[in-house]
Amino acid sequence: MRDLTPDERQDMRWQLRAIAIGWVQRLEEDELDAGREADHEPSCAERMRTHLACMTVSEQMRGLLAELVSASAEDAAQWGAGYPQLGAAVGASRQAARKRWPNLPVAKRRAAEWKQPPGGIGWAGESWV
Numbered sequence: 127m128r129d130l131t132p133d134e135r136q137d138m139r140w141q142l143r144a145i146a147i148g149w150v151q152r153l154e155e156d157e158l159d160a161g162r163e164a165d166h167e168p169s170c171a172e173r174m175r176t177h178l179a180c181m182t183v184s185e186q187m188r189g190l191l192a193e194l195v196s197a198s199a200e201d202a203a204q205w206g207a208g209y210p211q212l213g214a215a216v217g218a219s220r221q222a223a224r225k226r227w228p229n230l231p232v233a234k235r236r237a238a239e240w241k242q243p244p245g246g247i248g249w250a251g252e253s254w255v
C-alpha cells in the first residue's frame with residue numbers, strides 16, 4: 127500500500143475534522159439554546175467551549191482508532207503477517223511492532239511451523255570425518 131499524498135492527507139484531515147465537529151454538535155445539542163437566531167455570532171466563551179469539546183471528541187477518536195489498529199494487527203497476524211509486516215504497515219520497525227503488540231500469536235505460530243533439519247534435533251546431528 128502506498129503512502130498518502132499531501133493532498134490526500136489534507137483531505138483526510140478535513141474529513142476527520144468534519145466528523146469530530148459533527149459529534150461535538152450531536153453531543154452538545156442539549157446545551158444549545160433553541161431560541162438562538164441563525165445569524166447569532168458566537169461569543170469567545172462559546173468558541174472556546176466548542177474547541178475544547180472538539181479536542182475531547184478528537185481524543186476519543188484517537189483511542190478508537192488505536193483500538194482499530196490493534197484489532198487489524200491481530201487479524202493480520204492470524205492471516206500470516208509477521209512483526210516485520212506489522213511494523214511496516216504503521217511505519218515502525220519489527221522490534222517496535224513486537225513491543226507494541228507483544229501478545230500476538232505470531233511467534234508461537236512461527237515456532238510451531240518450524241521444521242527440524244535433516245538428521246534430528248539441532249544442527250549438529252551426525253558428523254562425518
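In our numbering, the protein residues as written are 127 to 255.
Yeah, the Cβ is synthetic: ideal placement off N, Cα and C, and Gly gets one too.
Predicted model, so just to flag it, every value in this text is computed and none were measured.
| Asked | Found |
| --- | --- |
| Distance between valine 183 and isoleucine 147 (C-alpha atoms, nearest Å) | 8 Å |
| Among Leu230, Ser169, Ala171, the one whose alpha carbon lies nearest that of alanine 203 | Leu230 |
| Reduced DSSP secondary structure (H/G/I, E/B, other) of alanine 144 | helix |
| Alanine 222 CB to nearest heavy atom of the ligand COA below 7 Å | For the structure depicted, the ligand COA is absent and the ligand set is empty, with no information on it obtainable. |
| Integer Cβ distance of alanine 199 from leucine 212, believed to fall under 8 Å | 5 Å |
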